[in-house]
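The structure appears right after this line, and notes come after that.
In this note's numbering, the protein residues as written are 4 to 239.
Encoded structure:
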């Protein structure tokens, strides 16, 4: 009898648990439905546009890599063509590594101080903008003509912001340049909107954004701290 009571109690508890879980799931799904219903038509359109652009970019990248593969396949047995393809790959690698000057369409962001007695440009301000530019798929970035690469270190020491080991006065204007694919530039500016608005919110900083079709971003100097390739070697 005791066993039967325990078994029955267990069944009741399981049923109650299932009922609570089902009710919770129902409420959760209802909230999701209401949230979707509350979305405006414009928000849905924006999401659709973003998704469509993402899909298009993925198709473009897929086509690009397919063409690269075809190029290497066609170069088999042709030393001149192989050498040409290799030079192209080396050039791309140099651009990505920041080892060559680059030019293209993009934007120029100028961050200046309204009152040096009340505030200054912080390292977090610079990092937020650079991270925003990377998220917006900037092809190349520089700060005050100092190239920013994957290994670039950005820190704050006293009244200076250190970029690639180079000190920059935190109470002076910072000019950040970024190169984008021209057709993506306006979307990139929109993506950066919230970050730039946040910088101006305190009233200490002034942010100006300009479009430029002929931005030149210099290569990283070999004496910079981020350019430390001579200290390492490949291991096979």
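Where is the CB? At the ideal position from N, CA and C, for every residue including glycine.
What beta strand (DSSP E) runs, 3 residues minimum, are completely inside the stretch 156-198? 157-160, 163-166, 169-172 and 177-182
I want to check one thing, is the minimum distance from the CB of residue 224 to the heavy atoms of the ligand GTP below 7 Å?
Judged by which ligands are present, the structure shown has none, so any question about the ligand GTP falls away.
Exercise. Helix, strand or coil for residue 227 per DSSP?
Worked result: Reading the chain shown from its first residue, position 224 is the one you call residue 227. Note: residue 227 maps to coil in three-state DSSP.
Note to self: Pairs of beta-carbons, one from the stretch 189-196 and one from the stretch 219-230, closer than 8 Å: are there three or more?
What the structure shows: no
Just how far apart, CA to CA, sit residue 181 and residue 131? Along the chain shown, read from residue 1 onward, the residue named residue 181 stands at position 178. Along the chain shown, read from residue 1 onward, the residue named residue 131 stands at position 128. If I take the Cα positions, the gap works out to 14 Å.
Pair within 8 Å by beta-carbon distance, residue 164 and residue 124: Working through the chain shown from its first residue, we reach residue 164 at position 161. Working through the chain shown from its first residue, we reach residue 124 at position 121. A contact, by the Cβ cut-off of 8 Å.
Reduced DSSP secondary structure (H/G/I, E/B, other) of residue 220
Taking the chain shown and counting its residues from 1, the one referred to as residue 220 is at position 217. Strand.
Check your understanding: Per the contact definition of three or more C-beta pairs closer than 8 Å, is the stretch 158-178 in contact with the stretch 210-218?
Key -> no
By how many angstroms is the C-alpha of residue 222 removed from the C-alpha of residue 89?
-> Along the chain shown, read from residue 1 onward, the residue named residue 89 stands at position 86. Along the chain shown, read from residue 1 onward, the residue named residue 222 stands at position 219. Going from the Cα of residue 89 to the Cα of residue 222 covers about 21 Å.
*Excluding the 5 residues preceding and the 5 following residue 176 in the sequence, name in chain order all residues of the same chain whose CB lies nearer than 7 Å to its CB.*
Translated into the one-based positions of the chain shown, residue 176 becomes position 173. Once the five neighbours on either side are set aside, the close Cβ partners of residue 176 are 113, 114 and 115.
In this structure, how does DSSP classify residue 146 when only helix, strand and coil are distinguished? The residue labelled residue 146 in the question sits at position 143 within the chain shown. If DSSP states are grouped into helix, strand and coil, residue 146 belongs with the strands.
Please state the DSSP three-state secondary structure of residue 83. Numbered from 1 along the chain shown, position 80 holds the residue referred to as residue 83. Looking at residue 83 - three-state DSSP - the assignment turns out to be helix.
query = Under a three-way DSSP split, which group does residue 102 fall into?
reply = Locating residue 102 in the chain shown gives position 99, where the first residue counts as 1. Coil at residue 102, not helix or strand.
- Query: Is residue 96 buried or exposed, if buried means 16 or more other CB atoms sit within 10 Å of its CB?
  - Reply: In the chain shown, counting from the first residue as 1, residue 96 sits at position 93. Burial call: exposed.
Alpha-carbon spacing of residue 110 relative to residue 82, whole angstroms
Residue 110 sits at position 107 when you count from the first residue of the chain shown. Residue 82 sits at position 79 when you count from the first residue of the chain shown. Near 41 Å, if we compare the C-alpha coordinates of residue 82 and residue 110.
Beta-carbon within less than 8 Å of residue 203's beta-carbon, same chain only, minus the 5 sequence neighbours each way: which residues are those? Numbered from 1 along the chain shown, position 200 holds the residue referred to as residue 203. Closer than 8 Å at Cβ, skipping near neighbours: 209 and 210.
Which one of 205, 201 and 184 has the shortest CA to CA distance from residue 107?
-> Sequence index remark: in the chain shown, residue 107 carries index 104 (1-based). Comparing Cα positions, the closest option is 184.
_Once the 5 residues before and after residue 142 are set aside, which same chain residues still bring their CB inside 6 Å of it?_
Along the chain shown, read from residue 1 onward, the residue named residue 142 stands at position 139. The residues are 182.
Worksheet entry | Selection from 101, 159, 86 and 134 that minimises the alpha carbon distance to residue 265 | Absent from the model: residue 265. The displayed extent of the chain is 4 to 239, so no value can be given.
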